[in-house]
Amino acid sequence: DTGVSQNPRHKITKRGQNVTFRCDPISEHNRLYWYRQTLGQGPEFLTYFQNEAQLEKSRLLSDRFSAERPKGSFSTLEIQRTEQGDSAMYLCASTSGSSFGELFFGEGSRLTVL
Amino acid sequence: AQKITQTQPGMFVQEKEAVTLDCTYDTSDPSYGLFWYKQPSSGEMIFLIYQGSYDQQNATEGRYSLNFQKARKSANLVISASQLGDSAMYFCAMRRTDKLIFGTGTRLQVFP
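Protein chains in written order, with the numbering used here: chain A, 1 to 114; chain B, 1001 to 1112.
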């Protein structure tokens, strides 16, 4: 499978715990995005990387959220001290930056905070 | 501010019929791109079709076509010959600098 891979697919945690999601993009893609999607809404941009550089962060990304892409390959999204409002689907996408810039998405990581 | 609006929360269509999903956008940029994605229950966002603001012709990809009306700032998706497997959420999106912004989506249900 050469698509975008996300792990874990589902995570249930208690409020106050830390969680980490991993995204493996399509291998030749240099840009990697994180989006959050809540029920009944479209995906909302969180942050993106070009290679290992984090180029933009949304105001949605509070200081409890941190994302890394240390070697320009896979990325992690960590949420510290989770809150019930963090319950959502976290989507990762990648693109080569060429063509017209369509994003290739993974299947998402669904977070439930109890 | 750049914005995507999808006013149809849900649509029903009978198998083999055509259906149009509405999308309007707001931007002051002369150059922009418009996208449609499909999201089945599995959660993955699947790219369907793209329209550039300078493209003279409406985009088509198989059974999907984009009815682009620049003056009205609309980019409606037309699905011809609907199939049961087309049942899913559909999102319109616009490129804003290096990222996509999405509408709230339309749930399409295809019935036999």
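Ideal placement from N, C-alpha and C gives every residue a C-beta, glycine not left out.
All values derive from a computational prediction rather than experimental measurement.
Residues that residue i contacts on chain B, provided the C-beta gap is smaller than 9 Å
i      : result
A:L116 : A query on residue 116 of chain A cannot be resolved here, the shown segment of chain A reaching from 1 to 114 and no further.
A:F45  : R1096, K1099, L1100, I1101 and F1102
A:Q41  : F1102, T1104 and G1105
Close Cβ partners of residue i (< 6 Å) along its chain, the five nearest in sequence each way excluded
i     : result
A:L61 : L46 and T47
A:G72 : N51 and E52
A:F49 : L32 and R69
Euclidean distance between Cα positions of residue i and residue j
i       : j       : result
B:Q1115 : B:N1067 : Residue 1115 of chain B lies beyond the stretch modelled for chain B, which goes from 1001 to 1112, so this question has no answer here.
A:L32   : B:Q1069 : 31 Å
B:E1017 : A:T38   : 31 Å
B:C1092 : A:Q41   : 12 Å
B:E1075 : A:Q17   : The residue you asked about is not Glu; residue 1075 of chain B is Ala in the sequence shown. If I take the Cα positions, the gap works out to 43 Å.
B:Q1083 : A:T20   : 38 Å
B:K1113 : B:T1007 : The requested residue 1113 of chain B is not part of the displayed model; chain B covers only 1001 to 1112.
A:I79   : A:F65   : 5 Å
A:A93   : B:I1004 : 20 Å
B:E1061 : B:F1035 : 12 Å
A:L77   : A:E102  : 22 Å
A:R110  : A:P43   : 13 Å
A:S75   : B:S1087 : 32 Å
Contacts of residue i in chain B (Cβ-Cβ under 7 Å)
i      : result
A:E107 : S1042, G1043 and E1044
Cβ neighbours of residue i in the same chain (closer than 8 Å, five flanking residues each side left out)
i       : result
B:M1011 : V1019, L1021, T1106, R1107, L1108 and Q1109
A:P70   : E52
A:G3    : I26, F104 and G106
B:I1046 : Y1037, K1038, Q1039 and P1040
A:S5    : C23, D24 and G106
Residue i: contacting residues in chain A (beta-carbon distance under 8 Å)
i       : result
B:F1091 : G42 and P43
Partners in chain A for residue i, counting only beta-carbon separations shorter than 7 Å
i       : result
B:G1085 : What B:G1085 touches in chain A: nothing, since even the nearest Cβ is about 17 Å away.
B:F1035 : E102
Range covered by the beta strand (DSSP E) that runs through residue i
i       : result
B:N1067 : Y1064 to Q1069
B:N1076 : S1074 to I1079
A:R81   : Premise fails: A:R81 is in no beta strand (DSSP E) and is neither H nor E.
A:G42   : Segment: none, A:G42 is in no beta strand (DSSP E) and carries neither H nor E.
A:V4    : That residue, A:V4, is in no beta strand (DSSP E); it is neither H nor E in DSSP.
Close-in-space but distant-in-sequence residues of the same chain around residue i (CB under 7 Å, 5 per side omitted)
i       : result
A:K14   : L114
A:E83   : R15 and V113
B:D1029 : none
A:I12   : T112 and L114
(message) For a minimum of 3 consecutive residues, which ranges assigned as the beta strand (DSSP E) are wholly contained in the stretch 13-38 of chain A?
(response) Every beta strand (DSSP E) of 3 residues or more that sits fully in the stretch 13-38 of chain A is shown, in chain order, as 19-24 and 31-37.
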